[in-house]
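For reference, the structure discussed in these notes is given below.
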Amino acid sequence: MKQRILYIEDNEQNLYLITFIMETAGYQVVQARSGEEGIALAGGQAPDLILLDIQLPGMDGYEIARRLRENQALAKVPIVAVTSYAMVGDREKALGAGCDGYIEKPINPDTFLAQVECFLGAAPSGGGQA
Ligand code: MN
């Protein structure tokens, strides 16, 4: 069974690029364009990992991460912030909100997959991959 990635992002170019990278590598990608949509999908889709933009209309990524972490069913699902906020302290803010890691935009298409898979490999539930 394909591992499922939930990607919460409002920028169409990023949605296209990251979805392409992950699907090419054999993952299923579920897209959400707002926090509300992402939280609803996360509850029903049982994703293996969540990629989370921080700068979104309405609810920002920090708030989304906090709300996702309130769902016990998602407690072990890695949440990785993907954001152009590259200021000192933003990494800590993302981790403090419940994210497991942080990938900076613009992403590097040559290394993005490996960066994401670091978090999948660390997931306690595992995906059957060595
Ligand atoms: Mn955005």
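The sequence shown begins at 62 in the working numbering and counts up one residue at a time.
By construction, the Cβ of each residue, glycine as well, lies at the ideal position given by its N, Cα and C atoms.
Owing to the predicted nature of the structure, the values given are computational and were not obtained by experimental measurement.
Asked	Found
Reduced DSSP category for residue 188 - H, G, I as helix; E, B as strand; rest coil	Any reading at residue 188 must be qualified, since the residue scores a pLDDT of 45, below 50, and its modelled position is unreliable; no value is offered.
Check: residue 116 C-beta below 7 Å from any heavy atom of the ligand MN	yes
C-beta atoms of residue 106 and residue 68 nearer than 8 Å	no
Straight-line gap, residue 138 to residue 110 (C-alpha atoms, nearest Å)	6 Å
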